[in-house]
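Respectively, the protein sequence lines represent chains X and D. Numbering of the first sequence is given in the working numbering, commencing with residue -18 and proceeding in unit increments. Numbering of the second sequence is given in the working numbering, commencing with residue -3 and proceeding in unit increments. Using N, Cα and C, we set each Cβ at its ideal position, and we do this for glycine too. This one's a predicted model, so the numbers in the text were calculated from it and none came from an experiment.
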Amino acid sequence: MSAQPAPVTRTLSQEQLHRYADASRDHNPIHVDPEFARATPFGGTIAHGMLVLATIGEMMFAACGDDWLSGGRLKVRFKAPARPGDTVAASATPSGERAWSVQCANERGEVLIEGRASIGGGS
Amino acid sequence: MTSSARTSIAALPRGHEIAPATFVLADAGVRAYLDAVGDANDYGGSVPPLAAVALGLAALQEQLYLPEGSLHTGQEVEHQQAIPLGAELTLTGRVAQRSERQGFVISVIEFEIAHAGATAIRARTTIMAPGAGA
């Protein structure tokens, strides 16, 4: 199984960041403490990079099924943070045999994550 | 565990070996993860690979801490085999690369997550952390 991955879109909330912090045991205050985060260069909380990356994982599993679980490869750079209230969209463009350029962008078109996904050593 | 009991990632030299750590991703933990990320896929008794990586990163942070201002700048993951729900997982890792630039230390942590004696996931996490002088 490996169809063209369909985009996954999600709007982030502060409550979701708290739930992800609990699930991943990552309670870094930049993600969960608005008062702390206001005093940082970000000016407010930002989403965990792995939370945003999860949209790409969700998209790839939906397209590739079990092939993604045993044989999937993902290599990305986190380029910009997502914030509560942002709507983020993961998408994929074919770039070879069972390989895709992947990215996650916000509603303003800013690329937050970009990289490559493949299955079974895809080219 | 407080940060004072751990070592800053910025202080770890290239080649530093992370002590093996074990953790379990049981059904409740995976459901909490899927709920938090909003993923409605049915993984059919397997652990979503990025859930295992996220919990692996948590296990790493029981041994090292990220100084204030640290950024997760890159992630690579290879899924070698599916991980069944409830499997006891063992994480081993090391500092594969370390460089300094403009007051920041850039560390690449390479780690494997294994179950039943076989590697299930290989991952490389890049962290940019303020150096001692930053």
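Min CB distance residue i to chain X below 8 angstroms
{"i": "histidine 68(D)", "result": "yes"}
{"i": "leucine 21(D)", "result": "no"}
{"i": "glycine 34(D)", "result": "yes"}
{"i": "alanine 28(D)", "result": "yes"}
{"i": "serine 103(D)", "result": "no"}
{"i": "leucine 46(D)", "result": "yes"}
{"i": "serine -1(D)", "result": "Since pLDDT at serine -1(D) reaches only 48, below the 50 mark, its modelled position is unreliable, and the value read off the structure follows with that caveat. Not closer than 8 angstroms to any Cβ of chain X, the Cβ of serine -1(D) fails to qualify, so no."}
{"i": "alanine 7(D)", "result": "no"}
{"i": "alanine 54(D)", "result": "yes"}
Secondary structure of residue i, DSSP reduced to three states
{"i": "serine 72(X)", "result": "strand"}
{"i": "glutamine -3(X)", "result": "helix"}
{"i": "phenylalanine 59(X)", "result": "strand"}
{"i": "glycine 30(X)", "result": "helix"}
{"i": "glycine 53(X)", "result": "strand"}
{"i": "arginine 10(D)", "result": "coil"}
{"i": "methionine -3(D)", "result": "Residue placement at methionine -3(D) is poorly supported in this model, since its pLDDT is 43, which falls under 50; the coordinates are not used for a value here."}
{"i": "isoleucine 5(D)", "result": "helix"}
Interface residues of chain D facing residue i [CB-CB closer than 9 angstroms]
{"i": "phenylalanine 109(X)", "result": "Residue 109(X) is absent from the structure shown; chain X starts at -18 and stops at 104."}
{"i": "arginine 54(X)", "result": "Glu72, Val73, Glu74 and His75"}
{"i": "aspartate 47(X)", "result": "Gly40, Ser42 and Ala78"}
For residue i, the residue or residues it bridges with in DSSP
{"i": "proline 44(D)", "result": "In the DSSP output, where bridge partners are listed per residue, proline 44(D) has none listed."}
{"i": "asparagine 87(X)", "result": "Val69(X)"}
Chain D contact for residue i (CB, 8 angstroms cutoff)
{"i": "glutamate 88(X)", "result": "no"}
{"i": "aspartate 14(X)", "result": "no"}
{"i": "glutamine 84(X)", "result": "no"}
{"i": "tyrosine 1(X)", "result": "yes"}
Under 7 angstroms by beta carbon: chain D residues contacting residue i
{"i": "aspartate 67(X)", "result": "Chain D residues near aspartate 67(X): none, gap ~13 angstroms exceeds 7 angstroms."}
{"i": "leucine 50(X)", "result": "Ser42, Pro45, His75 and Ala78"}
Chain X residues whose Cβ lies nearer than 7 angstroms to that of residue i
{"i": "alanine 112(D)", "result": "Those do not exist, as alanine 112(D) stays about 14 angstroms from chain X at its closest Cβ, beyond 7 angstroms."}
Minimum Cβ-Cβ distance from residue i to chain C less than 8 angstroms
{"i": "serine 76(X)", "result": "The displayed structure is made up of protein chains X and D, and chain C is not among them."}
Check: residue i C-beta below 7 angstroms from any heavy atom of the ligand COA
{"i": "serine 5(X)", "result": "The model depicted lacks the ligand COA and carries no ligand whatsoever."}
- Query: Between the region 27 to 45 of chain X and chain D, which residues of the former have CB atoms less than 7 angstroms from a CB of the latter, in chain order?
  - Reply: For the region 27 to 45 of chain X, which is checked against every Cβ of chain D, the residues closer than 7 angstroms are Gly30, Met31, Leu32, Leu34, Ala35, Gly38, Glu39, Phe42 and Ala43.
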